[in-house]
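For the sequence shown, our numbering gives the first residue as 49, with consecutive numbering after it.
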Amino acid sequence: MGEKVEAAGITLFTGFAGSELLIDDGKVTGVRTDDKGVDKRGEQKSNFEPGYDLKTKVLILAEGPRGSLTKQLVGRFNLDEHRNPQTYGVGVKELWELPAGRVAPGEVIYTLGYPLTFQEYGGAWIYGGKDNVVSLGFVTGLDYQDPRIDPQHVLQSFKAHPFIAKLLEGGKMIRYGAKSLPYGGWWALPPLAGDGWMIIGDSAGFLNSQRLKGIHLAIKSGMLAAESAFDAMLANEFSKKQLQSFPDKVNDSWIRTELWPVRNFHQGFEHGFVPGMMHTALQQITGGHGVMNKYPAHAGHTKMLPLYETLGYGDRRQQLVGPSKGDGKLTFDKLTDLYHSGTKHEEDQPAHLVIHDTNICSTRCTKEFGNPCTNFCPANVYEMVDSHDVPGGKEIHLNPSNCVHCKTCDIMDPYEIITWVPPEGGGGPNYDGM
Numbered sequence: 049m050g051e052k053v054e055a056a057g058i059t060l061f062t063g064f065a066g067s068e069l070l071i072d073d074g075k076v077t078g079v080r081t082d083d084k085g086v087d088k089r090g091e092q093k094s095n096f097e098p099g100y101d102l103k104t105k106v107l108i109l110a111e112g113p114r115g116s117l118t119k120q121l122v123g124r125f126n127l128d129e130h131r132n133p134q135t136y137g138v139g140v141k142e143l144w145e146l147p148a149g150r151v152a153p154g155e156v157i158y159t160l161g162y163p164l165t166f167q168e169y170g171g172a173w174i175y176g177g178k179d180n181v182v183s184l185g186f187v188t189g190l191d192y193q194d195p196r197i198d199p200q201h202v203l204q205s206f207k208a209h210p211f212i213a214k215l216l217e218g219g220k221m222i223r224y225g226a227k228s229l230p231y232g233g234w235w236a237l238p239p240l241a242g243d244g245w246m247i248i249g250d251s252a253g254f255l256n257s258q259r260l261k262g263i264h265l266a267i268k269s270g271m272l273a274a275e276s277a278f279d280a281m282l283a284n285e286f287s288k289k290q291l292q293s294f295p296d297k298v299n300d301s302w303i304r305t306e307l308w309p310v311r312n313f314h315q316g317f318e319h320g321f322v323p324g325m326m327h328t329a330l331q332q333i334t335g336g337h338g339v340m341n342k343y344p345a346h347a348g349h350t351k352m353l354p355l356y357e358t359l360g361y362g363d364r365r366q367q368l369v370g371p372s373k374g375d376g377k378l379t380f381d382k383l384t385d386l387y388h389s390g391t392k393h394e395e396d397q398p399a400h401l402v403i404h405d406t407n408i409c410s411t412r413c414t415k416e417f418g419n420p421c422t423n424f425c426p427a428n429v430y431e432m433v434d435s436h437d438v439p440g441g442k443e444i445h446l447n448p449s450n451c452v453h454c455k456t457c458d459i460m461d462p463y464e465i466i467t468w469v470p471p472e473g474g475g476g477p478n479y480d481g482m
């Protein structure tokens, strides 16, 4: 799509990460890009290049789920007030080359539940692509209770099912990645426009969680935002009143037509799989209403239980918790999968995963939750290592160059002390084919 945009005469500037919103008197006026050439200690290197203040008449945020600038905007203007909190899932994905004829191009297979228990939410997809390449992944809802659950392990256990193992037999895993998905639905959408800004795509939460699809909604929301931006340019007016045409267009489009009947879908699973299926059936009959027009919801990290409350479920969840060892053929450990992500970052730069209070990691979190970041991160970024300062204790150690930009840590940390910020522009996983 980038090539098509450039062919139309539009200039794309890549490799620059937006690090900060520029706000003047309550109006968004632009974006400050990241500094380049800064080392781990925050000192300027010989190739230092300061960031730029890019002034805008209207800023359209299209950062994907849990966008860092969108998060700043929501916090600055309390955009989540009177909304359901956004909830998320994390999709852990592998690409496989399979023997010819195993999965037809365009073939789609969805599953629900297994290998999760009735207390967790999630399911898998298998998409047949061209040249015998198959996309396979598992989305685990980031509102589970057991802090030991490891979404990468969940995918490996799913592949061990006889049906899936037979499907993949003789194949080869060629690519790996992970991405969060916004599950909150219509009631979690923030205001879509304000003074000098609009939010589109996954940044806003345009995803059909029942169908596990959002690309078409992202594209359509972008098209509608472009129309509103064009009208604003003609009027030379970029106020909230002028840009209100964008949410009005969304309401009048098939975006609302598609999302309104599934507005309560994920919320119906808040108390487990069985009640969720009952709510789903009722919502199908009532056009999404279910037992009430607006189901309540809770941010996923608030549902995580202390470690001592979940230890009794060890046998039932052994296929979900802790690191996957893998057999190297069908199933893989986290580092083997990570190698196939092709992720690459400049090593000598400030960590783009900011822990605001590392003492919590080695004290409260160790005792209360068993450091769930070492489990929920699909890229082995977080490790607890022996501490030099506390005999017999452990401290958090970061491997930010491993990061695959799924933002699960920013979403699921029970203390909300981890913030994902953009790394030096251009760094990250290799999305080729993903």
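No residue lacks a Cβ here, since even glycine has one placed at the ideal position from N, Cα and C.
Proximal residues to residue i (C-beta, below 7 Å), its chain only, five neighbours per side dropped
i: residue 85; result: 92, 93, 95, 96, 97
i: residue 167; result: 193, 320
i: residue 204; result: 372, 374, 379, 380
i: residue 163; result: 202, 205, 206, 367, 368
i: residue 154; result: 176
i: residue 449; result: 393, 395
i: residue 433; result: 442, 443, 445
i: residue 240; result: 246, 247, 252, 294, 295, 298
i: residue 116; result: 468, 469, 470
Continuous beta strand (DSSP E) stretch holding residue i: start and end
i: residue 54; result: Premise fails: residue 54 lies in the alpha helix (DSSP H), 50-55, not in any beta strand (DSSP E).
i: residue 104; result: It is not in any beta strand (DSSP E) - residue 104 carries neither H nor E in the DSSP assignment.
i: residue 131; result: Unbroken run through residue 131: none, as it is neither H nor E.
i: residue 80; result: 75-81
i: residue 159; result: 156-160
i: residue 357; result: No beta strand (DSSP E) contains residue 357, which DSSP labels as neither H nor E.
i: residue 479; result: Segment: none, residue 479 is in no beta strand (DSSP E) and carries neither H nor E.
i: residue 182; result: 181-189
i: residue 437; result: Premise fails: residue 437 is in no beta strand (DSSP E) and is neither H nor E.
i: residue 172; result: 170-176
Close Cβ partners of residue i (< 6 Å) along its chain, the five nearest in sequence each way excluded
i: residue 313; result: 257, 258
i: residue 87; result: 93, 396
i: residue 83; result: 98, 99
i: residue 324; result: 316, 317
i: residue 288; result: 242, 243
i: residue 404; result: 465
i: residue 431; result: 445
i: residue 65; result: 82, 470, 473
i: residue 160; result: 171
Neighbour-count burial assignment, residue i, 16 or more Cβ in a 10 Å radius
i: residue 56; result: exposed
i: residue 211; result: exposed
i: residue 61; result: exposed
i: residue 74; result: exposed
i: residue 54; result: exposed
i: residue 282; result: exposed
i: residue 302; result: exposed
i: residue 172; result: buried
i: residue 238; result: buried
i: residue 152; result: exposed
i: residue 305; result: exposed
i: residue 422; result: buried
i: residue 169; result: buried
i: residue 419; result: buried
Same chain, Cβ closer than 8 Å to residue i, five either side skipped, listed in chain order
i: residue 25; result: Missing from the structure shown is residue 25; the chain here goes from 49 to 482 and no further.
i: residue 489; result: This structure leaves residue 489 out entirely; the chain is present only between 49 and 482.
i: residue 476; result: 391, 392, 393, 451, 452, 453
i: residue 309; result: 331, 335, 336
i: residue 488; result: This structure cannot settle anything about residue 488, because the visible part of the chain is limited to 49 through 482.
i: residue 428; result: 382, 383, 386, 447, 450
i: residue 63; result: 473, 474
Cβ-Cβ separation, residue j to residue i (assumed contact under 8 Å), whole Å
i: residue 277; j: residue 249; result: In fact, because the Cβ distance is near 15 Å, the residues do not count as touching under 8 Å.
i: residue 134; j: residue 199; result: Going by Cβ atoms, the distance from residue 134 to residue 199 rounds to 18 Å, so no, they are not a contact pair.
i: residue 391; j: residue 478; result: 7 Å
i: residue 187; j: residue 291; result: Wrong, their Cβ atoms sit about 33 Å apart, outside the cutoff.
i: residue 459; j: residue 251; result: About 14 Å separates the two Cβ atoms, so there is no contact after all.
i: residue 67; j: residue 81; result: 6 Å
i: residue 185; j: residue 139; result: 5 Å
i: residue 358; j: residue 462; result: Incorrect: roughly 13 Å between the Cβ atoms, too far for contact.
i: residue 69; j: residue 144; result: At roughly 40 Å, the Cβ-Cβ gap does not stay under 8 Å, so residue 69 and residue 144 are not in contact.
i: residue 235; j: residue 311; result: 6 Å
i: residue 191; j: residue 351; result: 5 Å
Enclosing alpha helix (DSSP H) for residue i [first to last residue]
i: residue 298; result: 293-299
i: residue 230; result: That residue, residue 230, is in no alpha helix (DSSP H); its beta strand (DSSP E) goes 220-230.
i: residue 67; result: That residue, residue 67, is in no alpha helix (DSSP H); its beta strand (DSSP E) goes 66-72.
i: residue 275; result: 263-283
i: residue 97; result: From DSSP, residue 97 is part of no alpha helix (DSSP H) but of the beta strand (DSSP E) over 92-97.
i: residue 326; result: 321-334
i: residue 401; result: Careful: residue 401 lies outside any alpha helix (DSSP H), inside the beta strand (DSSP E) at 401-403.
With a cut-off of 8 Å, do at least 3 Cβ pairs link the segment 392-404 to the segment 210-229? no
For the pair the segment 294-306 and the segment 266-273, tell me if three or more CB-CB distances fall below 8 Å. yes
Under 8 Å, with one C-beta from each stretch per pair, do the segment 134-151 and the segment 101-109 reach the 3-pair mark? no
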